[in-house]
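One structure is given below, encoded as structure tokens.
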Amino acid sequence: MEVIAGKLRLSENHPDGQTGYVSQLITHPHFKYVSRTINQSTNDLALLELHDALIFTSAVKPIKLPNYGQKFVGDVLLTGWGHVKLRPKPVYATTLQVLRMPLISKKECKRLLDTYPVHPHVLSQSEICTLPYGLNQNACTGDSGGPLIQDRILVGITSWGEENCGQNLTRRAPNVFTEVSEYVTFIKKYTGKQTRSNDFCK
469 MEVIAGKLRL SENHPDGQTG YVSQLITHPH FKYVSRTINQ STNDLALLEL
519 HDALIFTSAV KPIKLPNYGQ KFVGDVLLTG WGHVKLRPKP VYATTLQVLR
569 MPLISKKECK RLLDTYPVHP HVLSQSEICT LPYGLNQNAC TGDSGGPLIQ
619 DRILVGITSW GEENCGQNLT RRAPNVFTEV SEYVTFIKKY TGKQTRSNDF
669 CK
């Protein structure tokens, strides 16, 4: 498994691009699928240990970790390389996609998810939600594991959402993320990092 950093376009050979090789994958001990239909799961995060450290440059930078239990409001940024089109044939992004969205309350998220009765939606206490400002602006297949960021702090990790990625819908669909502030103890256990909000996740 590889980790590629410092590239905004997959096709370009950026001078600041770096490749890190994964030496260890640590999944959360209580990771569990809730619904394989939409890849919905709980405790949906993992840590990747690289064989060699990346070199920080203007294009490759660490991200801050939140405090344990820290809550966020307002707009956040989602980035990812997932599908930008589902039909008639899925198309992956070749340029890193960036989307600004507002966080919404768990109560509002549950209400919205309940309007999609095709499959069960169980929102855990360690998950948070966003709601796009417009239609067809959701996370999609291939975005899972990507960062949700506010002020250079890792707020969430893309987990799951409406099965059609909000595409071709007449109403907005929420996105669901693993809430990183609920897992700083897990992160600290395996990385040895002190997880104050001014610490960087490397």
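For the sequence shown, the working numbering assigns the number 469 to the initial residue and increments by one for each residue that follows. Backbone N, C-alpha and C fix where the C-beta goes; we use that ideal spot for every residue, glycine too. Here the structure is a predicted model, which is why all the values come from computation and not from measurement.
Determine the direct distance from the alpha carbon of residue j to that of residue i, and round the result to whole angstroms.
{"i": "PHE524", "j": "LEU564", "result": "19 Å"}
{"i": "SER592", "j": "TYR501", "result": "12 Å"}
{"i": "VAL648", "j": "SER479", "result": "31 Å"}
{"i": "GLY614", "j": "LEU603", "result": "21 Å"}
{"i": "SER665", "j": "SER627", "result": "Confidence in SER665 is poor, its pLDDT being 49 and thus under 50, which makes the residue's placement too unreliable to answer from."}
{"i": "GLU576", "j": "SER594", "result": "15 Å"}
{"i": "LYS557", "j": "ASN606", "result": "18 Å"}
{"i": "GLY660", "j": "GLY488", "result": "20 Å"}
{"i": "CYS579", "j": "ASP543", "result": "Sequence check: residue 579 is Arg here, not Cys. Roughly 20 Å separates the two Cα atoms."}
{"i": "VAL559", "j": "VAL552", "result": "6 Å"}
{"i": "THR663", "j": "ASN535", "result": "Legend: pLDDT at THR663 = 45, less than 50; position of this residue unreliable, value from coordinates given subsequently. Answer to the nearest angstrom: the Cα atoms are 6 Å apart."}
{"i": "LEU518", "j": "TYR658", "result": "13 Å"}
{"i": "ASP484", "j": "THR583", "result": "45 Å"}
{"i": "GLN618", "j": "THR653", "result": "20 Å"}
{"i": "GLN486", "j": "ALA641", "result": "35 Å"}
{"i": "VAL623", "j": "THR562", "result": "25 Å"}
{"i": "THR609", "j": "ARG555", "result": "13 Å"}
{"i": "LEU581", "j": "GLU631", "result": "11 Å"}
First and last residue of the beta strand (DSSP E) that includes residue i?
{"i": "LEU546", "result": "543 to 548"}
{"i": "THR598", "result": "595 to 598"}
{"i": "HIS551", "result": "551 to 553"}
{"i": "VAL648", "result": "Careful: VAL648 lies outside any beta strand (DSSP E) and carries neither H nor E."}
{"i": "ALA473", "result": "470 to 473"}
Pick from the options: whose alpha carbon is nearest that of residue i?
{"i": "VAL528", "options": "PHE540, HIS482 and THR562", "result": "HIS482"}
{"i": "CYS633", "options": "GLY624, ASN643 and ILE625", "result": "ASN643"}
{"i": "ASP512", "options": "HIS519, LEU522 and PHE499", "result": "PHE499"}
{"i": "ASP520", "options": "GLY610, PRO530, CYS608 and SER491", "result": "SER491"}
{"i": "MET569", "options": "THR562, PHE540 and ARG555", "result": "PHE540"}
{"i": "VAL425", "options": "LEU522, PRO497 and GLU630", "result": "Since the first residue shown for the chain is 469 and the last is 670, residue 425 is missing from the structure and cannot be characterised."}
{"i": "ILE655", "options": "GLY548, GLY629, TRP549 and PRO497", "result": "PRO497"}
What are the boundary residues of the alpha helix (DSSP H) that includes residue i?
{"i": "LYS575", "result": "574 to 581"}
{"i": "LYS656", "result": "652 to 659"}
Is the beta carbon of residue i sitting closer than 7 Å to the one on residue j?
{"i": "LEU616", "j": "LEU516", "result": "no"}
{"i": "LYS532", "j": "ILE596", "result": "no"}
{"i": "ILE625", "j": "LEU599", "result": "no"}
{"i": "LEU493", "j": "ALA473", "result": "no"}
{"i": "GLY550", "j": "ASP611", "result": "yes"}
Consider the Cβ of residue i: report whether some Cβ of chain B lies at a distance smaller than 7 Å.
{"i": "LEU516", "result": "In summary, chain B is missing from the structure at hand, where a single protein chain is found."}
List in chain order: all unbroken beta strand (DSSP E) runs of 3+ residues lying wholly within the region 494 to 526. Taken in chain order, the complete beta strand (DSSP E) segments of 3 or more residues contained in the region 494 to 526 are 500 to 503, 508 to 510 and 514 to 518.
Enumerated in chain order, which unbroken segments of the alpha helix (DSSP H) with a length of 4 residues or greater are wholly contained in the region 611 to 645? Counting whole runs of 4 or more residues, the region 611 to 645 contains no alpha helix (DSSP H) stretch at all.
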